[in-house]
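Everything below concerns the one structure shown next.
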Amino acid sequence: MYTEDGFELRPLGDTMEIYASGEIFHEPEPPVIRSIHRMQSHFPTGKLLCDVRLAAYILEPDEREERATQIADMLKDFTCAVICMTEQRNFIDHVVEKVVASQGKIRIFPSKAEARDWLESQPGTLPASRAHRPA
475 MYTEDGFELR PLGDTMEIYA SGEIFHEPEP PVIRSIHRMQ SHFPTGKLLC
525 DVRLAAYILE PDEREERATQ IADMLKDFTC AVICMTEQRN FIDHVVEKVV
575 ASQGKIRIFP SKAEARDWLE SQPGTLPASR AHRPA
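Under this note's numbering, the residue at position 128 of the sequence shown is numbered 602, and the numbers go up by one with no gaps.
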């Protein structure tokens, strides 16, 4: 498990679980994205479960667009299940649109049980950007 202010990463089976919490402000390079890439060297996986129910995105419209793009660029290489609250759907739907436009595989769920069931039914392939690393 890896914890930093605003998020926690937990490897579980063939899935990396990400729990975001607190107020999320604009950052040029969000630490959670850097941490996920670093964790791939220790726990390579193609599946992410992202629970954002405890996160509050405090972003201006242009910042929301930039954050949505940053998140989508990272998520597009994974099979991803996102758990969110109804009031977060506008932002998360926008991220999902961007992931799908990049040929990524992502779905939104209201509960961890549904998200985990769906992820477990998905093939456990590594992201293309991680699967062909030189030896």
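Idealized CB from N, CA, C, for every residue including glycine.
Exposed unless 16 or more other CB atoms sit within 10 angstroms - verdict on residue i
{"i": "residue 541", "result": "buried"}
{"i": "residue 514", "result": "buried"}
{"i": "residue 578", "result": "buried"}
{"i": "residue 510", "result": "buried"}
{"i": "residue 580", "result": "buried"}
{"i": "residue 483", "result": "buried"}
{"i": "residue 475", "result": "exposed"}
{"i": "residue 597", "result": "exposed"}
{"i": "residue 487", "result": "exposed"}
{"i": "residue 490", "result": "buried"}
Presumed contact (8 Å Cβ cut-off) between residue i and residue j, rounded CB distance
{"i": "residue 525", "j": "residue 586", "result": "6 Å"}
Backbone CA spacing between residue i and residue j [nearest angstrom]
{"i": "residue 507", "j": "residue 545", "result": "8 Å"}
{"i": "residue 604", "j": "residue 497", "result": "Note that residue 604 scores 43 on pLDDT, short of 50, meaning its location in the model is unreliable and no value can be drawn from it."}
My parser needs the beta strand (DSSP E) runs of 3 or more residues fully inside the region 490-562; what are they?
Entirely contained in the region 490-562, the beta strand (DSSP E) runs reaching 3 residues are, in chain order, 521-531 and 553-557.
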